[in-house]
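Working notes, beginning with the structure itself.
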Amino acid sequence: MTLRGRVFVGAGALIALCGMALGLHDLTRIGALLVVLLLLASLLTRRPVSLEAGRSLSPARVPIDGHADVTLTVRNTGRTTSPLLRAEEGLAYALGDRPHLLIPRLRRDEERALHYRVRSHVRGHHTIGPLSVRVSDPFGLTTRSVAVPGHDALVVLPRTLPLLPVLGVPGGSGGESASSPRMALHGEDDFGVREYRIGDDLRRIHWRSTARTGETMVRQDEEPTRRRALVVLDDRACVHAGTGNGGSFEWSVTAAASITALLLGERFEVHLHLASDEGGRAVPLENLDLALDRLAAVQPAERTSAQHMVEALEDFAQHGGGIVVCVIGALTQEDAELCAARAAHGLALVVDRGGFGSGSTDAADLTAQRLALGGWHSSVVHPGDQLPRLWEQLVVGRAAHR
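The sequence shown lines up with residues 1 to 402 when you count with full-length UniProt numbering.
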């Protein structure tokens with residue numbers, strides 16, 4: 001019931017009571033008419049609303065502070081013409097104020113496209129929808145809100161900053177050799193040949209080796225193996241402080257996204273692992289888009305143990321190893337020593353939780369020192385530190401010690 005409706009019912013009741021008290025039947029009828037009018041208006045707003053809503057986002061993935069244009073298509077699935085409707089689109093808080101829309105009268109099976117724009121300063125997977133329409137009577141006495149099912153999601157990607165390329169990391173399954181070994185048969189002239197296999201191209205037959213060995217031999221092309229890298233993001237809530245883009249968690253997500261983008265761009269086989277991931281096994285990333293989508297959805301986890309990070313380092317080492325980069329919070333002495341033991345030469349950005357909170361602590365410095373004793377190169381992250389500068393210190397220091 002609207003404010004006008006409350007006034008009508010109050011006035012009607014008052015007029016009817018006055019009419020009965022004064023014995024004026026016409027006045028009583030007028031008061032009753034006002035009350036009945038409100039009841040009729042209420043019945044009108046109870047009419048079923050048969051609408052379908054669909055959305056298309058352009059683009060569906062945007063960087064922080066990027067815009068996305070939303071096209072909302074509303075279709076009348078009822079048998080009669082729909083009334084003029086006011087609508088409000090549901091939006092996640094991070095996308096700003098909810099847009100207010102006006103849906104014109106739609107004939108049966110008619111549809112209309114409405115457009116609006118959203119923008120987010122916050123990384124994440126943000127929900128758009130459902131659509132809420134307000135049905136009211138012609139007199140504006142009553143109103144009813146009806147939710148039209150259906151929603152979509154806008155992916156706001158984390159920031160990625162340009163970083164210095166990794167120095168001194170040759171190719172190889174474990175980052176130790178430049179290429180895969182090739183067979184050498186009966187002298188230097190036969191280097192890079194192997195026995196013929198069914199399906200090999202006959203144009204690749206190496207006739208000199210075939211004549212010498214008496215078996216059909218084919219040329220073996222050099223196939224460099226893919227360099228491997230493990231990126232570990234410590235998403236435990238207990239090691240982070242601060243809120244929003246100025247907090248340590250968002251700084252860490254930006255760092256992990258930037259490092260992952262750099263390594264994928266340098267054609268590493270990148271494995272991404274979160275402290276909250278169960279199982280301790282990091283799966284290789286297929287491409288940068290999937291990596292950023294995953295990092296866009298990361299939120300602080302209510303986990304206190306670093307066990308899964310240690311397990312991921314051990315599993316990575318057992319399957320060939322490679323370069324290890326960790327964006328972590330403070331670790332206990334035992335966890336720091338276990339991490340250092342699982343990877344001989346890692347890179348670590350250790351977040352000083354106290355600095356992002358009420359005051360600096362020594363926990364991050366102690367973690368960096370313990371990792372350094374195990375052969376790692378570490379930098380402590382304080383509020384205001386720039387990722388490109390810290391990263392440059394790490395990779396240059398690593399290259400200098402090789």
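The beta carbon of each residue, even a glycine, is placed where N, CA and C say it ideally should be.
By a C-beta neighbour count over all protein chains shown, 10 Å radius and 16 as the cutoff for buried, is Asp189 buried or exposed?
Its pLDDT being 43, under 50, Asp189 is placed unreliably in this model, and the coordinates cannot settle the point.
What's the gap between the Cα of Val35 and the Cα of Leu14?
10 Å
Straight-line gap, residue 403 to Leu38 (C-alpha atoms, nearest Å):
The shown model of the chain, from 1 to 402, leaves out residue 403, and the question about it has no answer.
Per DSSP, what kind of secondary structure is Ile323 in: helix, strand or coil?
strand
If contacts are defined as beta-carbon pairs under 8 Å, then Gly247 and His240 qualify, I think. What distance do you get, rounded to the angstrom?
7 Å
Assuming contact is defined by CB atoms lying nearer than 8 Å, are Glu52 and Thr80 in contact in what I supplied?
no
Do you know how far the Cα of Glu286 is from the Cα of Arg123?
21 Å
Through-space distance from Pro284 to Asp152, alpha-carbon basis:
28 Å
In angstroms, rounded to a whole number, what distance separates the CA positions of Asp385 and Gly355?
11 Å
Opposing strand residues paired with Ala364 [DSSP bridges]
None, per the DSSP bridge assignment.
In this structure, does DSSP put Arg47 in helix, strand or coil?
coil
Should the region 305-314 be regarded as contacting the region 143-160, the criterion being three or more beta carbon pairs within less than 8 Å?
no
Apart from the five residues on each side of it in sequence, which residues of its chain come closer than 8 Å, Cβ to Cβ, to Pro388?
Leu161, Pro162, Leu163, Leu164
Compute the distance between the beta-carbons of Val118 and Gly96, then report whether it is under 8 Å.
yes
Boundaries (first-last residue) of the alpha helix (DSSP H) holding Leu17:
3-22
Three-state secondary structure (DSSP) of Pro388
helix
What does a CB cutoff of less than 7 Å around His126 pick up in its chain, not counting 5 residues either side in sequence?
Ala92, Ala94, Leu95, Ser120, Ala153, Leu154, Val156
Whole angstroms is fine: what's the gap from Ile103's alpha carbon to Ala147's?
14 Å
May I have a chain-ordered list of the beta strand (DSSP E) segments no shorter than 3 residues that lie completely inside the UniProt domain "DUF58" (193-342)?
193-195, 217-219, 227-233, 268-274, 323-328
Is it true that the region 254-261 meets the region 314-332, where meeting means three or more beta-carbon pairs spaced less than 8 Å apart?
yes
Quick one: any contact between the region 330-343 and the region 390-397, if contact means 3 or more CB pairs under 8 Å?
no
Supposed contact pair Leu264 and Leu288 - C-beta distance, whole angstroms, cut 8 Å:
5 Å
Out of curiosity, what's the CA-to-CA distance linking Val62 and Ala68?
7 Å
Excluding sequence positions up to five away, which residues of its chain have a Cβ less than 6 Å from the Cβ of Ser58?
Asp69
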